[in-house]
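Enquirer: Dropping the structure in here first, questions after.
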Amino acid sequence: MEDHAETCRIELQDVGGTAWWARILTTLTSQTGSTQLRFIGRVGGEIRYSSSTFSSPTPVSPVPPEEAWAPGLTRSLEELVSGLQRDGWTQTGRGREPWDLTFQRG
């Protein structure tokens with residue numbers, strides 16, 4: 107019997123980095139010095155889930171966002187995790203960052 111379990115990994119995504127037009131739109135509509143971020147759920151290289159966006163100051167160096175200065179981070183992550191659980195995914199791993207989560211189903 108074969109194992110057909112799927113794995114979903116949550117990642118942090120810069121919305122403006124997804125396409126050239128998204129970068130322009132994000133720049134024109136964001137507050138000065140802020141970046142629009144969201145969480146995505148990737149299964150086999152394909153984005154299958156995404157959260158609502160939240161703003162984060164654009165860091166000078168790559169520093170992971172925190173709820174204290176990126177309001178909405180926790181709500182967006184909880185939204186994505188809730189959607190995964192509703193679809194039958196079970197959390198199987200956790201990394202260093204709050205969003206570094208792995209889920210499986212099947």
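Just so we're aligned, residue 107 is where the sequence shown starts under this note's numbering, counting upward by one.
No residue lacks a Cβ here, since even glycine has one placed at the ideal position from N, Cα and C.
Using the Cβ count rule (16 or more neighbours within 10 Å means buried), how would you classify residue 144?
Expert: buried
Enquirer: What does the Cβ neighbour count give for residue 127, buried or exposed, with the cut at 16 atoms within 10 Å?
Expert: For residue 127, the predicted model reports a pLDDT of 48, less than 50, meaning its position is unreliable; a value from the coordinates is still stated below. Exposed.
Enquirer: Straight-line CA distance for residue 184 to residue 111?
Expert: 23 Å
Enquirer: Can you tell me whether DSSP reads residue 181 as helix, strand or coil?
Expert: helix
Enquirer: Pull up the DSSP beta-bridge partners for residue 163, would you.
Expert: 140
Enquirer: Taking all protein chains shown into account, do 16 or more other C-beta atoms lie within 10 angstroms of the C-beta of residue 187, making it buried, or fewer, making it exposed?
Expert: buried
Enquirer: With three or more beta-carbon pairs closer than 8 Å as the criterion, would you say the region 160-178 touches the region 188-195?
Expert: no
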